[in-house]
Ligand SMILES: C[S@@+](CC[C@H](N)C(=O)[O-])C[C@H]1O[C@@H](n2cnc3c(N)ncnc32)[C@H](O)[C@@H]1O
């Protein structure tokens, strides 16, 4: 419990210092983190996480059996990155924007899990980040993204222009605020 409280305090401090980037006052609930990682297994191969924050979703990804050596994180906030580094030995961390992922990932990965506040980002950055995810994904790979409210992570036109389709999976009512998990794939897979 004291760990959860210190996580909350640390996250809240970053939310005050970096409100636009952090875009939430509290980390995702365990239930949402579990739902975000549910489609992963050791067979997924390399996995990339965008915007891990304090690592609630990171922990759930590792709990699915993904090896630390198969997990790469992109976190822009150096304070979060430093904390992640000590919490998750063996996991690779890039302290840079998720949009730069193609410059840092040499091969192709099986899944991208994103805890980024995509819908509060400018549309051009949103498209750039989803485009970066599909640049590094295998053709059969998938991107997991949650949103608050009713809207999908990209509009129908945005998805079509990138050749993608979005599938709604779990709704987590117990998260604050309630969150909807989406899986994005290439439209022909
Ligand atoms: C809403 S918080 C979510 C944190 C965590 N995934 C969770 O669900 O509790 C968004 C996180 O994304 C990071 N972030 C924001 N923009 C980013 C970007 N372009 N690339 C990488 N990380 C980013 C923030 O620093 C923060 O850690």
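Residue numbers (this note's numbering): 399 to 587.
No residue lacks a Cβ here, since even glycine has one placed at the ideal position from N, Cα and C.
How would you label residue i, buried or exposed, when you count the other beta carbons within 10 angstroms and need 16 or more for buried?
i: residue 481; result: buried
i: residue 476; result: exposed
i: residue 415; result: exposed
i: residue 450; result: buried
i: residue 565; result: exposed
i: residue 423; result: exposed
i: residue 444; result: buried
i: residue 538; result: exposed
i: residue 558; result: exposed
i: residue 465; result: exposed
i: residue 399; result: For residue 399, the predicted structure reports a pLDDT of 43, less than 50, and the residue's modelled location is therefore unreliable. A value from the coordinates is still provided. Residue 399 should be labelled exposed.
i: residue 453; result: buried
i: residue 577; result: buried
Put residue i into one of helix, strand or coil per three-state DSSP.
i: residue 538; result: strand
i: residue 567; result: strand
i: residue 644; result: Here the chain covers residues 399 to 587 and nothing more, so residue 644 does not appear.
i: residue 585; result: coil
i: residue 482; result: helix
i: residue 528; result: helix
i: residue 404; result: helix
i: residue 465; result: coil
Judging by CA-CA distance, which residue of the options is the nearest neighbour of residue i?
i: residue 461; options: 562, 470, 548 and 436; result: 436
i: residue 572; options: 426, 582, 529 and 549; result: 426
i: residue 522; options: 500, 551 and 503; result: 551
i: residue 446; options: 497, 423 and 485; result: 497
i: residue 562; options: 518, 541 and 520; result: 541
i: residue 517; options: 503, 500, 553 and 486; result: 553
i: residue 499; options: 473, 442, 576 and 417; result: 473
i: residue 547; options: 555, 586, 519 and 579; result: 579
i: residue 401; options: 463, 438, 441 and 485; result: 485
i: residue 495; options: 466, 487, 505 and 470; result: 470
i: residue 456; options: 434, 442 and 441; result: 434
i: residue 543; options: 448, 556 and 479; result: 448
Would you list the one or two residues that DSSP bridges to residue i?
i: residue 490; result: 470
i: residue 545; result: 578
i: residue 448; result: 472 and 512
i: residue 562; result: 584
i: residue 507; result: 535
For the stretch 415 to 433 and the stretch 481 to 492, state whether three or more C-beta atom pairs, one from each stretch, are separated by less than 8 Å.
-> no
Can you find at least 3 beta carbon pairs, one from the stretch 531 to 545 and one from the stretch 504 to 511, that sit closer than 8 Å?
-> yes
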